[in-house]
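Plus 12 on top of the position in the sequence shown (first one is 1) and you've got the numbering used here. Let me begin by presenting the structure, written as structure tokens, before commenting on it.
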Amino acid sequence: MAMRSILSAITMSALMVGEAHAADWQNQGAEVRTGAFVGARLKLSLGDRADAKPHAQLALAPSRSSISNGGFIRTRIGEGAAFDLQPGSKPALMIAGMRAESALGLRSEGQARPGRKLGVSSSGWVAIGLGVVVLAGGLYFLHLVDEADKASD
Numbered sequence: 013m014a015m016r017s018i019l020s021a022i023t024m025s026a027l028m029v030g031e032a033h034a035a036d037w038q039n040q041g042a043e044v045r046t047g048a049f050v051g052a053r054l055k056l057s058l059g060d061r062a063d064a065k066p067h068a069q070l071a072l073a074p075s076r077s078s079i080s081n082g083g084f085i086r087t088r089i090g091e092g093a094a095f096d097l098q099p100g101s102k103p104a105l106m107i108a109g110m111r112a113e114s115a116l117g118l119r120s121e122g123q124a125r126p127g128r129k130l131g132v133s134s135s136g137w138v139a140i141g142l143g144v145v146v147l148a149g150g151l152y153f154l155h156l157v158d159e160a161d162k163a164s165d
């Protein structure tokens, strides 16, 4: 009986198998460009998490664009560093999608007394985040000025 069900399962799967086609060679990535994203992001939850709040972020993140031979362009933006604003929460500096104090190991969880402050204050993190964004924007502006100067020659 078991042999008969195995044989019929193999026969049914053989009947359902279709022809497999390889991807067209023209659509393979021909060129990859890396860069940076400097700007504002708005993150909204589209899933079933009802408690997820929208986030507004000023971000500096790596980007990667793949350009295929057929002209299709796909751009991906990483997490990078961001100054995160969320309703009902303190502003936070994020690194790779995590709060900076967690990402850098500055938060000593479970080891401090409840009333004692450790590390950098919230306003300090805000100042650091704004400084990073201003510095990145200034460097990008200098890059644009240099490119415009090269193009005018």
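Just so it is clear, CB atoms sit at the ideal spot from N, CA and C, and this is done for glycine as well.
- In the three-state scheme derived from DSSP, where H, G and I count as helix and E and B as strand, Glu43 is classed as strand.
- Within 10 angstroms of the beta-carbon of Val145 lie 16 or more other beta-carbons, which makes it buried.
- Per DSSP, reduced to three states, the secondary structure at Ser57 is coil, with no helix or strand assignment.
- The shortest CA-to-CA distance from Leu97 to any of Ala112, Glu113, His67 is the one to His67.
- Annotation: the continuous beta strand (DSSP E) that includes Leu70 extends over 67-80.
- With respect to Gly92, Leu72 sits close: the two C-beta atoms are nearer than 8 Å.
- Going by C-alpha positions, Gly143 is about 27 Å away from Thr87.
- According to DSSP, residue pairing for Ala48 in a beta bridge involves Pro74.
- Annotation for Arg111: Ala104 place their beta carbon closer than 6 Å to its own, counting only its chain and skipping 5 residues before and after.
- For Phe95, the enclosing beta strand (DSSP E) stretches over residues 93-97.
- Annotated as distal: Ser75 and Ala94, with beta-carbon spacing of 8 Å or more.
- Taken through DSSP and simplified to helix, strand or coil, Leu105 comes out as strand.
- Counting only the Cα atoms, Lys55 lies some 25 Å from Arg45.
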